[in-house]
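Working notes, structure below.
In the numbering used here, the protein residues as written are 289 to 655.
Here you go:
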């Protein structure tokens with residue numbers, strides 16, 4: 289990734305005096321600064337993992353500080369979009385306080401721990417392209433991820449110029465959730481981008497999430513009006529972009545509002561509760577509730593609404609398999625110990641049933 293020098297400063301100098309509202313400050317955040325001066329209030333604009341850049345507004349001008357040290361009371365680390373108190377201590381700019389987050393987007397690490405991706409966001413734009421990258425299973429995973437944040441996402445279908453008719457892709461998405469807003473866009477022709485900008489208000493902070501190579505960098509460049517993010521060409525063979533973003537950046541849009549460029553998520557632990565999965569798969573949950581038995585295993589029991597829907601085509605095997613995978617992850621996230629106990633109990637029952645069957649058939653020998 290390549291950033292143009294002082295890009296954000298250049299953007300701000302085009303308008304009138306800058307204040308914290310240009311950085312997305314809302315009253316719900318402002319009330320937490322306590323006895324600190326407004327001049328100590330900053331927002332994380334670049335997250336490099338071990339160091340940060342923060343932005344503030346002092347005297348009507350943008351103030352940018354590089355931070356390499358944290359002095360916080362908790363183990364929680366700031367993420368892109370966080371509001372922090374930044375003070376100068378012994379000649380260093382130090383983050384001394386992390387203000388409460390209004391919203392956050394988080395995923396689950398392989399260890400089971402939660403990892404925040406972005407904070408204080410107003411919109412989530414799930415980005416996928418209209419080519420071989422398009423994947424409903426991955427999209428459902430992103431939808432659950434968004435659901436856990438409490439923010440209704442918008443689906444951005446990129447590379448509109450590569451297809452004659454986007455309705456095939458739109459129909460597949462709206463079948464997942466008819467309430468979703470789906471915007472086909474093209475950075476080559478500009479189609480759909482004015483409608484996208486109209487969704488972003490002056491104090492809104494938006495985050496783009498999606499796999500690497502779907503055109504997030506090109507989209508941000510278009511919205512910013514210049515090549516801030518360097519992108520590499522999409523290979524003809526795999527129809528995938530070879531550029532992978534490794535850091536996170538927050539940009540101020542010339543038209544107002546802010547947008548966060550998030551790395552391509554190779555693996556997305558959903559970081560959600562079973563409720564989030566159930567809400568995302570409300571059609572499957574409705575079938576589950578219509579089974580004859582409340583403890584139906586959806587296998588060979590009579591009166592199973594799931595098996596009936598699979599047989600008559602009202603539920604696709606792909607979607608049901610995706611549901612099972614995500615609900616299993618969510619149950620583990622809800623209570624890892626209880627989940628492991630239940631898995632162990634199920635395994636013992638399977639082993640017991642197998643032994644009893646072998647015993648009946650005369651193939652089991654007790655030692």
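Glycine included, C-beta positions come from ideal geometry on N, C-alpha and C.
Could you have a look at residue i and say whether DSSP puts it in helix, strand or coil?
i, result
"residue 488", "coil"
"residue 476", "coil"
"residue 318", "helix"
"residue 574", "helix"
"residue 502", "coil"
"residue 416", "strand"
"residue 425", "helix"
"residue 439", "coil"
"residue 361", "coil"
"residue 587", "coil"
"residue 482", "helix"
"residue 307", "coil"
"residue 580", "coil"
"residue 325", "coil"
"residue 449", "helix"
"residue 564", "helix"
"residue 240", "No statement about residue 240 is possible, as the shown extent of the chain runs from 289 to 655 and does not include it."
"residue 514", "coil"
"residue 507", "helix"
Give me whichever residues DSSP pairs with residue i in a beta bridge.
i, result
"residue 381", "376"
"residue 330", "372"
"residue 355", "340"
"residue 536", "335"
"residue 395", "403"
"residue 411", "494"
"residue 386", "372"
"residue 444", "415, 471"
"residue 615", "Answer is none; residue 615 lacks a bridge partner."
"residue 350", "345"
"residue 594", "The partner list for residue 594 (beta bridge, DSSP) is empty, contrary to what the question assumes."
"residue 546", "493, 540"
What's the gap between the Cα of residue i and the Cα of residue j?
i, j, result
"residue 494", "residue 435", "15 Å"
"residue 344", "residue 310", "10 Å"
"residue 364", "residue 444", "31 Å"
"residue 578", "residue 592", "8 Å"
"residue 561", "residue 498", "21 Å"
"residue 357", "residue 308", "23 Å"
"residue 316", "residue 366", "18 Å"
"residue 587", "residue 392", "38 Å"
"residue 636", "residue 332", "50 Å"
"residue 511", "residue 580", "53 Å"
"residue 351", "residue 360", "22 Å"
"residue 440", "residue 639", "44 Å"
"residue 542", "residue 492", "13 Å"
"residue 602", "residue 574", "12 Å"
"residue 442", "residue 390", "19 Å"
"residue 488", "residue 544", "8 Å"
"residue 319", "residue 609", "45 Å"
"residue 612", "residue 546", "36 Å"
"residue 394", "residue 368", "12 Å"
"residue 496", "residue 617", "24 Å"
"residue 476", "residue 540", "22 Å"
"residue 339", "residue 514", "26 Å"
"residue 461", "residue 572", "16 Å"
"residue 314", "residue 371", "11 Å"
"residue 500", "residue 422", "12 Å"
"residue 413", "residue 465", "15 Å"
"residue 362", "residue 486", "38 Å"
"residue 348", "residue 536", "26 Å"
"residue 438", "residue 467", "15 Å"
"residue 405", "residue 509", "21 Å"
Does any C-beta atom of chain C lie closer than 8 Å to the C-beta of residue i?
i, result
"residue 485", "In the displayed structure, chain C is absent; only one protein chain is listed."
For residue i, verify whether its CB is less than 7 Å away from any heavy atom of the ligand ADP.
i, result
"residue 508", "With respect to small molecules bound, the structure shown includes none, and the ligand ADP cannot be examined in it."
Checklist entry - Between the region 447 to 466 and the region 414 to 434, are three or more C-beta pairs nearer than 8 Å? => result Touching, yes.
Checklist entry - So does the region 377 to 385 actually touch the region 568 to 577, counting three or more Cβ pairs closer than 8 Å? => result Cβ pair count under 8 Å is below three, so no.
Checklist entry - Looking at C-beta atoms only, is the number of pairs between the region 436 to 452 and the region 471 to 482 that lie closer than 8 Å three or more? => result Yes: at least three Cβ pairs fall under 8 Å.
Checklist entry - Touching or not, the region 500 to 516 and the region 314 to 332, by the rule of three or more beta carbon pairs under 8 Å? => result By the Cβ criterion, the region 500 to 516 is not in contact with the region 314 to 332, since fewer than three pairs of Cβ atoms, one from each stretch, lie closer than 8 Å.
Item to check | Touching by the beta-carbon criterion (3+ pairs, under 8 Å), the region 594 to 610 and the region 402 to 409 | outcome: No contact exists between the region 594 to 610 and the region 402 to 409.
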